[in-house]
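Residue numbers (the numbering used here): 1 to 807.
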């Protein structure tokens, strides 16, 4: 094992070119390649963001095969609602300890992709629609993990905002949206937490695959932001290995046999790939090995027990009280309580795909409610609907009868696993029809109802104004059951606030006409208008705004003070302070949000943008003074003409809110220094008034400053054609059939519908190049090219290249 950071340089000289090329690809699904003669170890990389997913048998990157028991924390969508830096850092430390105990060197997380649209299939695995909140929480998580000697892998870099076509799609984004929406979370985490690795995404960005995108990986990530770690591919994201190395993509995962090792050696031999580039990539891998050289520590029962308690605390802070008319909650621990809904006895506690954890233990809400109440209350249960959320007359009749005889009714609703998963996007925002039928049937007894939601992303709630209380639990992890019991019965006051907007309907999102786009091209025509930035600026009513969340107590804001001062570098910063008072009868937590809006911008800007926040826990009657600092970047936008951040001389509103639409205090401030860019009117007008809409391909072209390139056509077929695209040929149909059969072998007879849908989507959208690399050389690229010639009916090319193609 490497003993010191400086030894990496001497190792480079000792390695052969063959060994260096081999080090740039994995040795198997989860490990890097060792070089035993020099003491270079194999590094173990595993998922995932909300729990350790170390597989001990068959390996896969989508959660099909079993993994070791580990603590399953709430998913990122829920954790973000805590707005709690310290909690995220503590969870990172817990994950790092569990990873070390299993000999894991790199934990593949966190994911900070922006929730561009509520139907993103993997939204449960990401923090927020807001880049600042995402970046702050990612920074804390990374610090916690890496403090334990385990590397983090910030992902998926970048603009990977939907599942459809993710292996081949080209995300077409203008520069301001890229810089102001999609990159800042990565930037903050890289600059402040210095992750040891960054994972590049599958997709293209403005025409270039992220795995070979020099501008993103070299110019922005390394040169601009100062990243000095290793870039690893998402599993199967490599397109052209030589170009990838030149662009700064160091490590290919998983193993591709000798396929890409041979390509690297050929590129070195031809002079296409400089030896110095290969050496630099290898040095980054050796540096990572040095950072993670600590010996494993055996996991103890005490660690898992401690982490389970932490998971419960996290689940409590992840819960968001969306509605609580007439202080309906907390519930009395008395009388007859009807618990209705299949999810109460078969909880939805995590998402599907590569982040799926084998929990060390699992609490069911029904069991936890009964355990908390003991003999003080009589708790009866009825499933009310099927496991898939469908209606069942007998179940519904039983549930209605139970509700009629009860004093209190708690209804569990949410999304079944087959509704949201890695691999495919959601089709709509609706809850399952059987759940909605049940709620509608219960509405005559609405005064008894409390609705508990378990879902990874926003859902439509047409009944919201007809029930007194709604508690959003998201995917609460293994300890979510007792967390819900403690909140519902008042042991704990809910303090979470939404990290994303709940729109009335998916169609209300500015990106909806373009989401997710075509297989090969996704146009981000909405530009900056994502989430609350759009809804607040356009005046569009939403079900629940960004930052919303109620409590069993209430808080008052007062005494806002805003002062301009110079920092140690002579730069103008703004000091913001205000007082929060717990004016209720219970202890609770409040999350105060600081927004900034420019009053007379020369370019289109959102009405307000989150620039800082503070979470404070206060006893009844207690007050505290909050002090926050805004630097000049908090007032700036990205000026693509000067290629830098620009804060104009203008009047700005400093707003303190309990949510983005509940502004409690405000102050205007003049910035007297700063330029005023003169943008082209054509590039601004369609976006200046988002309420008017009108975003389309033509307006995006104005922002880009050039025509949108046509997407790559389906034919003639090529190495990046997907299995779904080649179904026009007999050979293509046979290839897909074989791959579907192979993938199906990974599913047992009891596999869930979500896993089946995920596998179908992965097979449908798998590019032909991945058949070559996943076969680890058993299927050569030459033979694949020959098959492509056959599918295209290009017999002349087949005959001309037959000797080369069939090698």
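Built from N, CA and C at the ideal position, the CB exists for glycine as well.
One or two residues paired with residue i in a DSSP bridge
{"i": "residue 202", "result": "BP columns for residue 202 are empty, so no partner."}
{"i": "residue 152", "result": "107"}
{"i": "residue 627", "result": "577"}
{"i": "residue 46", "result": "107"}
{"i": "residue 31", "result": "44"}
{"i": "residue 638", "result": "645"}
{"i": "residue 500", "result": "Answer by DSSP bridge pairing: none, since residue 500 is not bridged."}
{"i": "residue 788", "result": "DSSP, once it has assigned bridges, lists no residue as partnering residue 788."}
{"i": "residue 667", "result": "654"}
Distance between residue j and residue i (C-alpha atoms, nearest Å)
{"i": "residue 4", "j": "residue 285", "result": "Only weak support exists for where residue 4 lies, its pLDDT of 45 falling under 50; the value from the coordinates is given anyway. Distance between the alpha carbons of residue 4 and residue 285: 14 Å."}
{"i": "residue 128", "j": "residue 201", "result": "18 Å"}
{"i": "residue 451", "j": "residue 236", "result": "41 Å"}
{"i": "residue 807", "j": "residue 267", "result": "Annotation note: pLDDT 40 at residue 807 (below 50); position unreliable, no value reported."}
{"i": "residue 759", "j": "residue 577", "result": "52 Å"}
{"i": "residue 193", "j": "residue 397", "result": "54 Å"}
{"i": "residue 656", "j": "residue 544", "result": "18 Å"}
{"i": "residue 206", "j": "residue 481", "result": "44 Å"}
{"i": "residue 438", "j": "residue 385", "result": "7 Å"}
{"i": "residue 805", "j": "residue 781", "result": "Caution is warranted here: a pLDDT of 47 is assigned to residue 805, below 50, making its placement in the model unreliable, and the coordinate value is therefore given only provisionally. Cα to Cα, the separation comes out at about 8 Å."}
{"i": "residue 6", "j": "residue 307", "result": "Model confidence at residue 6 stands at a pLDDT of 46, short of 50, so the residue's coordinates are unreliable; what they give is reported in the following sentence. C-alpha separation (whole angstroms): 36 Å."}
{"i": "residue 89", "j": "residue 145", "result": "8 Å"}
{"i": "residue 792", "j": "residue 720", "result": "14 Å"}
{"i": "residue 229", "j": "residue 620", "result": "47 Å"}
{"i": "residue 20", "j": "residue 257", "result": "15 Å"}
{"i": "residue 477", "j": "residue 305", "result": "14 Å"}
{"i": "residue 809", "j": "residue 38", "result": "This structure does not reach residue 809, given that the chain is present from 1 up to 807, and the question cannot be answered."}
{"i": "residue 641", "j": "residue 190", "result": "25 Å"}
{"i": "residue 151", "j": "residue 797", "result": "47 Å"}
{"i": "residue 420", "j": "residue 582", "result": "38 Å"}
{"i": "residue 272", "j": "residue 278", "result": "11 Å"}
{"i": "residue 110", "j": "residue 534", "result": "26 Å"}
{"i": "residue 435", "j": "residue 347", "result": "15 Å"}
{"i": "residue 1", "j": "residue 293", "result": "Bear in mind that a pLDDT of 46 at residue 1, under 50, signals an unreliable position, so the number given afterwards is only what the model happens to contain. So the alpha carbons of these two residues sit roughly 7 Å apart."}
{"i": "residue 707", "j": "residue 701", "result": "5 Å"}
{"i": "residue 614", "j": "residue 130", "result": "16 Å"}
{"i": "residue 138", "j": "residue 78", "result": "14 Å"}
{"i": "residue 688", "j": "residue 527", "result": "11 Å"}
{"i": "residue 391", "j": "residue 433", "result": "7 Å"}
{"i": "residue 163", "j": "residue 115", "result": "12 Å"}
{"i": "residue 560", "j": "residue 320", "result": "27 Å"}
{"i": "residue 400", "j": "residue 442", "result": "7 Å"}
Proximity of residue i and residue j at Cβ, strictly below 8 Å
{"i": "residue 106", "j": "residue 154", "result": "no"}
{"i": "residue 56", "j": "residue 30", "result": "no"}
{"i": "residue 637", "j": "residue 176", "result": "yes"}
{"i": "residue 338", "j": "residue 376", "result": "no"}
{"i": "residue 75", "j": "residue 475", "result": "yes"}
{"i": "residue 653", "j": "residue 661", "result": "no"}
{"i": "residue 171", "j": "residue 134", "result": "no"}
Closest by C-alpha distance to residue i, when choosing among the options
{"i": "residue 788", "options": "753, 722, 741", "result": "722"}
{"i": "residue 487", "options": "586, 650, 522", "result": "586"}
{"i": "residue 775", "options": "738, 404, 756", "result": "738"}
{"i": "residue 785", "options": "777, 766, 799, 718", "result": "718"}
{"i": "residue 324", "options": "553, 516, 557, 159", "result": "553"}
{"i": "residue 241", "options": "210, 219, 36, 215", "result": "210"}
{"i": "residue 246", "options": "255, 449, 234, 216", "result": "216"}
{"i": "residue 410", "options": "424, 393, 328", "result": "328"}
{"i": "residue 225", "options": "264, 234, 179, 350", "result": "179"}
{"i": "residue 598", "options": "635, 584, 473, 565", "result": "635"}
{"i": "residue 547", "options": "160, 658, 454, 622", "result": "658"}
{"i": "residue 316", "options": "794, 711, 81", "result": "81"}
{"i": "residue 412", "options": "425, 406, 389", "result": "389"}
{"i": "residue 141", "options": "51, 183, 220", "result": "51"}
Closer than 8 Å to chain C by CB, residue i
{"i": "residue 216", "result": "Structure shown: chain C not included; a single protein chain is present."}
Residue i beta carbon near the ligand SAH (any heavy atom closer than 7 Å)
{"i": "residue 259", "result": "By its list of ligands, the structure shown contains no ligand whatsoever, and the ligand SAH lies outside what it can speak to."}
Exercise for the section: Entirely within the region 270-336 and at least 4 residues each: give me those alpha helix (DSSP H) ranges in chain order. Expected result: Whole alpha helix (DSSP H) segments, 4+ residues: 275-291, 301-318.
Exercise for the section: Would you list, in sequence order, the uninterrupted alpha helix (DSSP H) runs of no fewer than 4 residues that lie entirely inside the region 395-449? Expected result: Fully enclosed alpha helix (DSSP H) runs of 4 or longer: 433-442.
Exercise for the section: Scan the region 368-397 and note each continuous beta strand (DSSP E) run of 3 residues or more that stays entirely inside, going in chain order. Expected result: You should have 377-382.
Problem - Length-filtered (4 minimum) alpha helix (DSSP H) runs lying within the region 161-201 - result: Restricting attention to alpha helix (DSSP H) runs no shorter than 4 residues, the region 161-201 encloses them at 184-193, ordered along the chain.
Problem - beta strand (DSSP E) runs wholly inside the region 525-549, at least 3 long, in chain order - result: Fully enclosed beta strand (DSSP E) runs of 3 or longer: 542-544.
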